[in-house]
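Take a look at the structure below.
Number of protein chains: 2
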Amino acid sequence: MRKLLMFNSTSLDGYFTDANGDMSFAHNRAQDPEWDAFVSGNASGGGTLLFGRKTYELMASFWPTPAAAQMMPKVAEGMNRLQKLVFSRTLKQVSWSNTTLLKGDLVAEVQRLKAGSGEGIVILGSGSIVSQLAPHGLIDEFQVVVVPVVLGRGRTMFEGIARQLPLQLTRSRSFKNGNVLLCYEPMS
Amino acid sequence: MRKLLMFNSTSLDGYFTDANGDMSFAHNRAQDPEWDAFVSGNASGGGTLLFGRKTYELMASFWPTPAAAQMMPKVAEGMNRLQKLVFSRTLKQVSWSNTTLLKGDLVAEVQRLKAGSGEGIVILGSGSIVSQLAPHGLIDEFQVVVVPVVLGRGRTMFEGIARQLPLQLTRSRSFKNGNVLLCYEPMS
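Top line first, the protein sequences correspond to chains A and B. Sequential numbering of the first sequence, starting at 92, is according to our numbering. Sequential numbering of the second sequence, starting at 92, is according to our numbering.
This is the structure we're talking about:
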């Protein structure tokens, strides 16, 4: 079984993008070497990334650019190198390196992926994907970085989830830049 | 100067009530003596509570009841005993013990209250009050308990805030029941 993990940075009021679909609030913090090491460590690993269309388009428009390579070289390298899966009914093709477009039934496809062998799968952003998979118990871990800012409006990472989801806190870690990592598993 | 503090329990997706205006998700956790001591300690102190109408009506319909006295005796005693202020343009009268109804300009009234002497003032719930006061720098501390549950829908504690609010993390504390307390000050 491959493990499926959700990783999101959110504002204190629970949004992973602002009202304009922008995620840059998560990178506006003061320098913090310990945080930088944590982020680079995440990006340098293996595994597969899983996206919905909206988050895919946001990421594909940033990480392959020279600006991304200059601002966050290690993360950009990882994002471009890793295997990526994007679920979309409307996209015709994908141009970002190492990306596969999937059109099948989301739940069935993810069950098939998880049953195979290989490294872990990580969902970034993609609130509607999270909301469809979580009620089926298909997400094994939720990692949320609470960024010390209030946005007021934006997209929630559990967009349209059909029922409440009780969780179990497994660990937490606070960083000097004010970010707090909270890790949860589904309540069994 | 009196200190003004916001205290809220929220779901991981940032809601302090569920879609029905219910806050009971915050009390559904497993027993945790350390958490109980923390909550009782908060309720046993002095100070003044500040509400908007919606949160006032929710609290006034619960804390004076025999059910509240049985379920959470120390907290109920504190809630009923403490001085309470409620801002509302529509309420005609208030029946909860030790409550004063205020009809003046919210910002000017809170500036006047803070300039006086006395113990601290605590806002519970009351997203629209928080959103009106925070951009004026009138809230000195934000205390948020992240409860390990996803609600999917509900009211945000920064309802309708007009601009983004950068914060500074001052401390964090995790409890065995999975609640995590996050404390922030406004970024100066």
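Every residue, glycine too, gets a C-beta built ideally from N, C-alpha and C. Here the structure is a predicted model, which is why all the values come from computation and not from measurement.
For this session: Look at the Cβ atom of L149/A, then the Cβ atom of F178/A, and state whether they are nearer than 7 Å.
Result: Between L149/A and F178/A, the C-beta gap is not smaller than 7 Å, which leaves the two residues out of contact.
For this session: Mind listing the chain B neighbours of S265/A? Cutoff is C-beta to C-beta under 9 Å, in chain order.
Result: Within 9 Å Cβ-Cβ: L260, R262, S263, L273.
Exercise. If you compare alpha carbons, which of T181/A, K175/A, M92/A, V238/A is closest to V213/A?
Worked result: The shortest C-alpha to C-alpha distance from V213/A to any of T181/A, K175/A, M92/A, V238/A is the one to K175/A.
Problem set entry | Cα-Cα separation, Q122/B to I230/B | Near 32 Å, if we compare the C-alpha coordinates of I230/B and Q122/B.
Exercise. Just curious, the alpha helix (DSSP H) that R93/A is in, first and last residue?
Worked result: No alpha helix (DSSP H) holds R93/A; DSSP gives it neither H nor E.
Exercise. What residue does the alpha helix (DSSP H) around G143/A start on, and which one ends it?
Worked result: Per DSSP, G143/A belongs to no alpha helix (DSSP H); it is in the beta strand (DSSP E), 139-143.
For this session: Using beta-carbon positions only, say whether S100/B and A117/B come within less than 7 Å of one another.
Result: Contact flag set, yes.
For this session: Could you tell me the boundaries of the beta strand (DSSP E) in which E125/A lies?
Result: Counted as a single uninterrupted DSSP element, the stretch harbouring E125/A is not any beta strand (DSSP E) but the alpha helix (DSSP H) occupying residues 124-135.
Exercise. Relative to the alpha-carbon of G243/B, which residue among F249/A, V238/A, S188/A, G245/A has its alpha-carbon at the smallest distance?
Worked result: Comparing Cα-Cα distances from G243/B to each of F249/A, V238/A, S188/A, G245/A, the minimum goes to F249/A.
For this session: Report yes if the C-beta distance between Q223/A and F98/A is below 7 Å; otherwise report no.
Result: No, the Cβ-Cβ distance between Q223/A and F98/A is not below 7 Å.
Exercise. If we count the other Cβ atoms within 10 Å of its Cβ and call it buried at 16 or more, is G105/A buried or exposed?
Worked result: Buried.
Exercise. Which bits of chain B does Q255/A rub up against, with CB to CB less than 9 Å?
Worked result: In chain order: S102, D109, F116, V240, V241, L242, G243.
Exercise. In chain order, what residues of the same chain have a beta carbon less than 6 Å from the beta carbon of V271/B, not counting five sequence neighbours either side?
Worked result: A distance below 6 Å between beta-carbons, with the five flanking residues on each side excluded, links V271/B to the following residues of its chain, in chain order: V237, S265.
Exercise. When DSSP builds the beta bridges, which residues end up paired with V241/B?
Worked result: For V241/B, which the question treats as bridged, DSSP gives the partners L256/A.
Problem set entry | Identified DSSP bridge partners for Y275/B | BP columns for Y275/B point to F233/B, L260/B.
Exercise. CA-CA distance, T108/B and A160/A?
Worked result: Computed Cα separation, rounded: 42 Å.
For this session: Inspect the beta-carbon positions of G228/A and P277/A and report whether they are closer than 7 Å.
Result: In contact: G228/A and P277/A (Cβ atoms closer than 7 Å).
Exercise. Can you tell me whether DSSP reads V185/A as helix, strand or coil?
Worked result: In the structure shown, V185/A sits in coil (DSSP, three-state: anything other than H, G, I, E or B).
Problem set entry | For F266/A, the three-state DSSP class (helix, strand or coil) | DSSP places F266/A in coil when its eight states are reduced to three.
Exercise. Since V237/A meets chain B, which of its residues come closer than 8 Å, beta carbon to beta carbon?
Worked result: Chain B residues near V237/A: V237, L273.
Exercise. Less than 7 Å separating the beta-carbons of L192/B and L204/B?
Worked result: Cβ distance not < 7 Å, so L192/B and L204/B don't count as in contact.
Exercise. Within the 7 Å Cβ cut-off, does T247/B reach chain A?
Worked result: Output row for T247/B: interface = yes.
Exercise. Curious, which full-length beta strand (DSSP E) runs of at least 3 residues does the segment 164-225 of chain A contain?
Worked result: Correct list: 174-178, 190-193, 212-215.
For this session: Under 8 Å between beta-carbons, which chain B residues line up against G105/A? List them in chain order, please.
Result: Result: T101, S102, L103, D104, G105, Y106, T247.
Problem set entry | chain B within 7 Å of I212/A, Cβ atoms only | With respect to chain B, the C-beta atom of I212/A has no partner C-beta closer than 7 Å.
For this session: Verify the CB distance criterion: does G280/B have a CB-CB separation below 7 Å to chain A?
Result: Residue 280/B is absent from the model: chain B starts at 92 and stops at 279.
Problem set entry | P155/B and N133/B closer than 7 Å at C-beta | No, these two residues do not count as a Cβ contact at 7 Å.
Exercise. Is any beta-carbon of chain A found at less than 7 Å from that of I230/B?
Worked result: It does not; no Cβ of chain A falls within 7 Å.
For this session: Could you work out which residue in R144/B, L256/B, I220/B, G216/B is closest to G245/B when comparing CA atoms only?
Result: Per the C-alpha coordinates, the member of R144/B, L256/B, I220/B, G216/B positioned closest to G245/B is G216/B.
Exercise. For the putative contact between L173/A and T139/A, defined by C-beta atoms under 8 Å, what is the C-beta separation to the nearest angstrom?
Worked result: Contact between L173/A and T139/A is confirmed by a C-beta separation of about 7 Å, below the 8 Å threshold.
Problem set entry | V221/A and L103/A closer than 7 Å at C-beta | For V221/A and L103/A, no; Cβs fall outside 7 Å.
Exercise. Using the beta-carbon count (16 or more within 10 Å), is P164/A buried or exposed?
Worked result: Taking a 10 Å sphere around the C-beta of P164/A, we find fewer than 16 other C-beta atoms and assign the residue as exposed.
For this session: Mind checking which residues open and close the beta strand (DSSP E) that includes T108/B?
Result: T108/B: member of the beta strand (DSSP E) spanning 106-108, first to last residue.
Exercise. Taking Cβ to Cβ, would you say L258/B is nearer than 7 Å to Y275/B?
Worked result: Closer than 7 Å, so yes.
Problem set entry | S219/A versus A225/A: straight-line alpha-carbon distance, rounded | Going from the Cα of S219/A to the Cα of A225/A covers about 10 Å.
Problem set entry | chain A contact for G132/B (CB, 7 Å cutoff) | So, not an interface residue.
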